[in-house]
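Student: These protein sequence lines map, in sequence, to chains A and B. For the first sequence, our numbering puts the final residue at 283, and the numbers step up evenly by one. For the second sequence, our numbering puts the final residue at 135, and the numbers step up evenly by one. C-beta atoms are modelled at their ideal positions from N, C-alpha and C, and glycine is treated no differently.
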Amino acid sequence: AQSVTQPDIHITVSEGASLELRCNYSYGATPYLFWYVQSPGQGLQLLLKYFSGDTLVQGIKGFEAEFKRSQSSFNLRKPSVHWSDAAEYFCAVGAVEYGNKLVFGAGTILRVKS
Amino acid sequence: NAGVMQNPRHLVRRRGQEARLRCSPMKGHSHVYWYRQLPEEGLKFMVYLQKENIIDESGMPKERFSAEFPKEGPSILRIQQVVRGDSAAYFCASTQGARYNEQFFGPGTRLTVL
Numbered sequence: 170a171q172s173v174t175q176p177d178i179h180i181t182v183s184e185g186a187s188l189e190l191r192c193n194y195s196y197g198a199t200p201y202l203f204w205y206v207q208s209p210g211q212g213l214q215l216l217l218k219y220f221s222g223d224t225l226v227q228g229i230k231g232f233e234a235e236f237k238r239s240q241s242s243f244n245l246r247k248p249s250v251h252w253s254d255a256a257e258y259f260c261a262v263g264a265v266e267y268g269n270k271l272v273f274g275a276g277t278i279l280r281v282k283s
Numbered sequence: 022n023a024g025v026m027q028n029p030r031h032l033v034r035r036r037g038q039e040a041r042l043r044c045s046p047m048k049g050h051s052h053v054y055w056y057r058q059l060p061e062e063g064l065k066f067m068v069y070l071q072k073e074n075i076i077d078e079s080g081m082p083k084e085r086f087s088a089e090f091p092k093e094g095p096s097i098l099r100i101q102q103v104v105r106g107d108s109a110a111y112f113c114a115s116t117q118g119a120r121y122n123e124q125f126f127g128p129g130t131r132l133t134v135l
């Protein structure tokens, strides 16, 4: 069965520090991968996506993610966190073979301390 | 170009009533996905529809839930005889078609069952 694991439920970092959010997946088809961000009471905003090609993808707001097939991982990184980055982050996977429906991780809540 | 629209944004129902959630996809999009987000959880796929067709309803509860996407008008997610456990945020996403794998999400409808 398809699954996405985000092992960290909460992460707290200091403003200006670097950030890495982990995402591991188990999927029976060639996946494409997404990271979304959700602020409280809001919808989902796409940060970045990986379909194919270069395994290091750049997204909005200074985020990047690296696809590592051998580790089934798609970790999200940012070199310097801003207070406005505090939100919940979701990793998701999909595949054309499964009708493109997305399987989401449980999310990681990011807190930024000043 | 307007994004995905959902209404109402907030819906309060008493146990046993019906809830109707509407989703208008982005212009030019003919495929809609519905997801449910229970409190403190990630999004879970419910149903995938094309105009006038249900493509995949493997995530829909077997009873009380139904969805449609008519030729004209928005997609509707209908929950009959709501129970407290139906309280959640319901998101819809749209794409241009089966080969287009990026989903654009609406702001969600937050259903509260009293």
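1. By the 10 Å Cβ neighbour count, where 16 or more other Cβ atoms means buried, how is A114(B) classified, buried or exposed?
2. Taking Cβ-Cβ distances shorter than 8 Å, what residues in chain A pair up with G127(B)?
3. Give the DSSP bridge partners of R57(B), in chain order.
4. Could you tell me which residues DSSP pairs with Y219(A) in its beta bridges?
5. Assign H52(B) to one of two classes, buried (16 or more other C-beta atoms within 10 Å of its C-beta) or exposed (fewer than that).
6. Looking at E78(B): is its Cβ nearer than 9 Å to the Cβ of F90(B)?
7. What residues in its chain sit with their C-beta under 8 Å from that of P200(A), if we drop five residues either side in the sequence?
8. With 8 Å as the C-beta to C-beta threshold (strictly closer), list the residues of the stretch 238–259 of chain A near chain B in chain order.
9. State yes or no: is the C-beta of L279(A) within less than 9 Å of the C-beta of V182(A)?
10. Along the stretch 71–102 of chain B, where does the CB come closer than 7 Å to a CB of chain A? Name the residues.
11. Under the DSSP definition of a beta bridge, which residues are partnered with I100(B)?
12. Can you look up V250(A) in the DSSP assignment and give me helix, strand or coil?
13. What is the DSSP secondary structure of Y267(A), reduced to helix, strand or coil?
14. Span of the beta strand (DSSP E) holding A170(A)?
15. Residues of chain B with CB under 9 Å from A170(A), in chain order?
16. Please compile the residues from chain A whose C-beta is within a distance smaller than 8 Å of the C-beta of Q117(B).
17. Can you give the Cα-Cα distance for K65(B) and Q227(A), rounded to whole angstroms?
18. Starting from Y194(A), follow the beta strand (DSSP E) in both directions and report where the run begins and ends.
19. What does a CB cutoff of less than 6 Å around S225(A) pick up in its chain, not counting 5 residues either side in sequence?
20. Comparing C-alpha positions only, which one of Q214(A), F203(A) and Q240(A) sits nearest to A256(A)?
21. When the Cα atoms are used, what is the spatial distance from P209(A) to S253(A)?
22. Out of curiosity, what's the CA-to-CA distance linking G222(A) and G37(B)?
Tutor: Let's see:
1. For this step, residue 114(B) is matched to residue 93 along the second sequence. So A114(B) ends up on the buried side.
2. On the second sequence, residue 127(B) is found 106 positions in, with the first residue counted as 1. Under the 8 Å cutoff, chain A gives G212.
3. Within the second sequence, the letter at position 36 stands for residue 57(B). DSSP output for R57(B) lists K65(B) and Y111(B) as bridge partner(s).
4. On the first sequence, residue 219(A) is found 50 positions in, with the first residue counted as 1. Answer is L202(A).
5. Residue mapping note: residue 52(B) aligns to position 31 of the second sequence, counting from 1. Classification of H52(B): buried, given that the 10 Å Cβ count is 16 or more.
6. Residue mapping note: residue 78(B) aligns to position 57 of the second sequence, counting from 1. Residue mapping note: residue 90(B) aligns to position 69 of the second sequence, counting from 1. Against a cut-off of 9 Å, the Cβ pair of F90(B) and E78(B) comes out as no contact.
7. Along the first sequence, one-based indexing puts residue 200(A) at 31. Contacts found: Y194, V262, G263 and A264.
8. F259
9. In the first sequence, the residue the question calls residue 279(A) occupies position 110. In the first sequence, the residue the question calls residue 182(A) occupies position 13. Yes, they are a contact pair.
10. I76 and D77
11. Here the question's residue 100(B) lines up with position 79 in the second sequence. DSSP lists A40(B) and F86(B) as partners of I100(B).
12. Counting from one through the first sequence, the residue named residue 250(A) turns up at place 81. Of the three classes helix, strand and coil, the one that applies to V250(A) here is coil, per DSSP.
13. Taking the first sequence and counting its residues from 1, the one referred to as residue 267(A) is at position 98. Y267(A) falls in the helix class under three-state DSSP.
14. Position 1 of the first sequence holds residue 170(A). Unbroken run through A170(A): none, as it is neither H nor E.
15. Within the first sequence, the letter at position 1 stands for residue 170(A). Residues of chain B passing the Cβ test: none, with the nearest at roughly 12 Å.
16. In the second sequence, the residue the question calls residue 117(B) occupies position 96. Going along chain A, no residue has its Cβ under 8 Å from Q117(B), so there is no contact; the nearest lies around 11 Å.
17. Your numbering for residue 65(B) matches position 44 in the second sequence. Your numbering for residue 227(A) matches position 58 in the first sequence. Rounded to whole angstroms, K65(B) to Q227(A) spans 26 Å at the Cα level.
18. Against the first sequence, residue 194(A) aligns to sequence position 25. Note, Y194(A): beta strand (DSSP E), N193 to S195.
19. For the purposes of this step, residue 225(A) is taken as residue 56 along the first sequence, with counting starting at 1. For clarity, residue 225(A) is Leu in the given sequence; the question names Ser instead. Result list for L225(A): E235, in chain order.
20. As a working note, residue 256(A) is residue 87 in the first sequence. When only C-alpha atoms are compared, the closest one is Q214(A).
21. Within the first sequence, numbered from 1, the residue matching residue 209(A) stands at position 40. Within the first sequence, numbered from 1, the residue matching residue 253(A) stands at position 84. Near 12 Å, if we compare the C-alpha coordinates of S253(A) and P209(A).
22. Translated into the one-based positions of the first sequence, residue 222(A) becomes position 53. Translated into the one-based positions of the second sequence, residue 37(B) becomes position 16. Rounded to the nearest angstrom, the two C-alpha atoms are 51 Å apart.
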